[in-house]
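K.L.:
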Amino acid sequence: MSAHHEPHEAYGAHDAHASALDSSLGAVLRLVAAGEATTRSEIARVTGLARSTVSQRVDALRGGRLVVEGRPVRSTGGRPPIALSLDPRAGAVLAADLGATHCRLAVADLSGIVLGEQAKALDIAQGPDVVLSWLRIQFAEMLAATGRPAAEVRAVGIGVPGPVEFSTGTVVRPPIMPGWDAACIPGHFAEHYDAPVLVDNDVNIMALGEASARDTARELLLFIKIGTGIGCGIISRGTVHRGADGAAGDIGHIGIRDADHVPCRCGNVGCIEAVASGSALVRELAEAGLDARTSQDVVSLALKGNPIAARSVRVAAARIGEVVAALVNFHNPSTIVVGGALAPLRDDLLAGIRAVVYRRATPLATRALTIEASRLGERAGVVGAIQLAHQHVFSPPGLHQLLSRRPVAGRNSQGRS
Ligand SMILES: [Zn+2]
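Read in order, the letters of the sequence shown are residues 3 to 419 in my numbering.
This is the structure we're talking about:
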């Protein structure tokens with residue numbers, strides 16, 4: 003037995019060493035890609051790594067054609083340091099935020115610069131085969147338009163409006179995506195890109211996008227989406243907290259007071275989503291005789307000052323505030339971002355939520371709490387999908403894949419011709 007034991011341990015130690023190496027490689031690449039540290043000495047200062055270690059990591063990244071040396075940086079004396087930058091051919095990521103009736107797609111480089119982005123109409127109910135074939139064509143056209151070959155795609159990030167098993171990218175019993183149950187999304191891209199496809203639900207990627215638009219790398223951010231339904235994305239130290247089964251943040255079915263008479267689509271009664279979501283407000287206003295069919299109708303009626311709509315929004319905000327106050331007591335987030343289709347009502351919505359949260363949550367939990375509107379609006383999801391792809395590329399397994407990839411045939415011949 004011991005004969006088996008020893009090599010196994012040695013392999014484990016090697017693995018841990020490789021992982022530490024890759025994580026410092028990732029840190030160095032991330033700094034160079036973002037332009038936050040561009041010389042070896044700056045990198046050493048920011049990361050705390052020894053100069054010799056930094057040089058080794060930079061050599062590995064140059065060898066992997068991820069980083070290039072530029073001109074010497076002007077200096078006050080001695081040998082001028084050499085500026086490092088991301089190799090323009092280091093790669094690109096593809097991103098898609100798929101909604102029920104529309105989507106937003108993007109191509110970005112590894113430094114986060116968006117090379118191309120577009121919003122399009124989409125009918126998710128056409129099912130995975132139709133929608134994902136269409137998406138592949140869109141991606142191919144966008145890559146062609148930005149001059150990036152498919153071989154340079156390093157990761158694909160996709161958000162969908164339903165529950166996803168993140169480890170496999172499989173949609174699980176989605177309420178508003180007919181035909182998608184058990185659809186394994188990465189499989190639809192396997193033949194087209196030699197790159198991993200990361201799939202998550204839309205609320206999680208919106209949360210990731212909003213976190214990337216703030217200086218909250220070390221903080222806890224909750225993104226509350228108030229649209230047709232109500233959901234929450236949880237970002238802890240820059241990454242999505244998905245829970246044991248990927249269901250974390252599904253706050254729409256938390257029961258609230260005095261709503262036991264209202265049935266919810268989940269089969270229960272008194273859920274927050276059944277009384278305070280966009281669809282709940284649409285139903286309420288329609289019953290009151292107003293012309294409201296979508297969340298956008300609710301928004302425009304309230305913005306026009308319709309008293310019934312304004313009152314409904316105020317009541318909904320207070321009820322959402324009750325749930326958010328409980329989340330604040332439980333989770334002690336530093337930032338809460340409110341987005342989704344009802345977000346244009348930011349003043350009424352935020353004021354209502356804040357009033358309840360500051361009254362009901364504990365003083366310590368609210369002392370430094372920020373509750374604010376989405377900064378990215380309709381772009382939150384696609385920005386988050388880019389982040390999701392980047393996080394994979396810069397992770398130890400992602401970097402390992404990147405550095406062990408084969409040279410792309412055709413690139414050199416293209417260069418020579
Ligand atoms: Zn429910």
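Glycine included, C-beta positions come from ideal geometry on N, C-alpha and C.
1) Quick one, which of L378, V359, R377, N270 has its alpha-carbon nearest R369's?
2) Looking only at its chain, what residues have a beta carbon closer than 6 Å to the beta carbon of Q403, apart from the 5 residues adjacent to it on each side?
3) From the DSSP output, read off the bridge partner residues of V271.
4) For a test of your reading of the model: does the CB of G233 fall under 8 Å from any non-hydrogen atom of ligand 1? Yes or no.
5) Give me every residue whose Cβ sits closer than 5 Å to any heavy atom of ligand 1, in chain order.
6) Let's test the definition: count the other Cβ atoms within 10 Å of the Cβ of S415 and tell me whether it reaches 16, buried, or not, exposed.
7) Using a threshold of 9 Å, state whether the C-beta atoms of V420 and R321 are closer than that.
8) Classify I178 as helix, strand or coil using the three-state DSSP reduction.
9) In terms of alpha-carbon separation, which member of R285, S113, S297 lies closest to S214?
10) Identify whether S406 lies in helix, strand or coil by the three-state DSSP scheme.
11) What is the C-beta distance between L329 and V340, in whole angstroms, given that I count them as a contact (C-beta under 8 Å)?
12) Taking three-plus beta-carbon pairs below 8 Å as touching, is the segment 56-73 in contact with the segment 124-138?
13) Enumerate, from N- to C-terminal direction, the unbroken beta strand (DSSP E) stretches of 3 or more residues contained entirely within the segment 58-115.
14) Who are the Cβ neighbours of F396 in its own chain at under 7 Å, not counting the five residues just before and after it?
15) Going by C-alpha to C-alpha distance, which of L107, D204, P130, V326 sits closest to A142?
16) Taking all protein chains shown into account, do 16 or more other C-beta atoms lie within 10 angstroms of the C-beta of L366, making it buried, or fewer, making it exposed?
17) Cα separation between T40 and P82?
18) Between the segment 83-100 and the segment 150-157, are three or more C-beta pairs nearer than 8 Å?
19) At the level of alpha carbons, what is the spacing between W182 and D125?
20) Between the Cα of N334 and those of S238, K122, P398, spot the shortest distance and give me the residue it belongs to.
21) For S26, I'd like the list of residues in its chain whose CB is within less than 8 Å of its CB, leaving aside the five on either flank, ordered along the chain.
22) What's the C-alpha gap between H10 and L401?
23) Distance, Cα to Cα, M144 vs V199?
24) As a quick exercise: from I207, L88, H255, pick the residue whose alpha carbon is nearest that of N270.
25) Are the C-beta atoms of R81 and some chain D residue less than 9 Å apart?
26) So, does the segment 201-212 touch the segment 233-248, judging by three or more C-beta pairs under 8 Å?
27) Helix, strand or coil for R239 per DSSP?
28) Nearest-angstrom Cα distance between D2 and R216?
29) Check whether the Cβ atoms of E186 and G164 lie closer than 9 Å to each other.
30) Per DSSP, what kind of secondary structure is T372 in: helix, strand or coil?
31) Can you give, in chain order, each stretch of the alpha helix (DSSP H) that sits fully within the segment 296-336 and has at least 4 residues?
32) Go ahead and pull the three-state DSSP assignment for A192.
33) Look at the Cβ atom of L344, then the Cβ atom of D204, and state whether they are nearer than 9 Å.
34) Compare the Cα-Cα distances from Q140 to each of E167, S314, H194, R64 and report the closest residue.
P.N.:
In short, the structure shows the following:
1) V359
2) If we look at Q403 and ignore the five residues flanking it on each side, it has no Cβ neighbours.
3) P265
4) Not one heavy atom of ligand 1 falls within 8 Å of the beta-carbon of G233.
5) H255, C266, C268, N270, C273
6) Legend: pLDDT at S415 = 36, less than 50; position of this residue unreliable, no value from coordinates given.
7) As displayed, the chain neither begins before 3 nor continues past 419, which places residue 420 out of reach and without an answer.
8) coil
9) S113
10) coil
11) Not a contact, Cβ separation roughly 12 Å.
12) no
13) 69-74, 84-88, 94-100, 104-111
14) G28, L31, R32
15) L107
16) exposed
17) 13 Å
18) The segment 83-100 makes contact with the segment 150-157; the number of CB pairs closer than 8 Å reaches 3 or more.
19) 12 Å
20) S238
21) T49, L51, T55, R59
22) At H10 the pLDDT is 37, less than 50, meaning the model places this residue with poor confidence and gives no usable figure here.
23) 17 Å
24) The shortest C-alpha separation from N270 is found at H255.
25) The question asks about chain D, but that chain is absent: this structure has only one protein chain.
26) yes
27) The answer is coil: DSSP assigns R239 none of H, G, I, E or B.
28) Nothing in the structure corresponds to residue 2, since the chain is present only between 3 and 419.
29) Checking the sequence shown, residue 186 turns out to be Cys, not Glu. No; because the gap between Cβ atoms is not below 9 Å, this pair is not in contact.
30) strand
31) 297-305, 309-333
32) coil
33) no
34) Closest by alpha carbon: H194.
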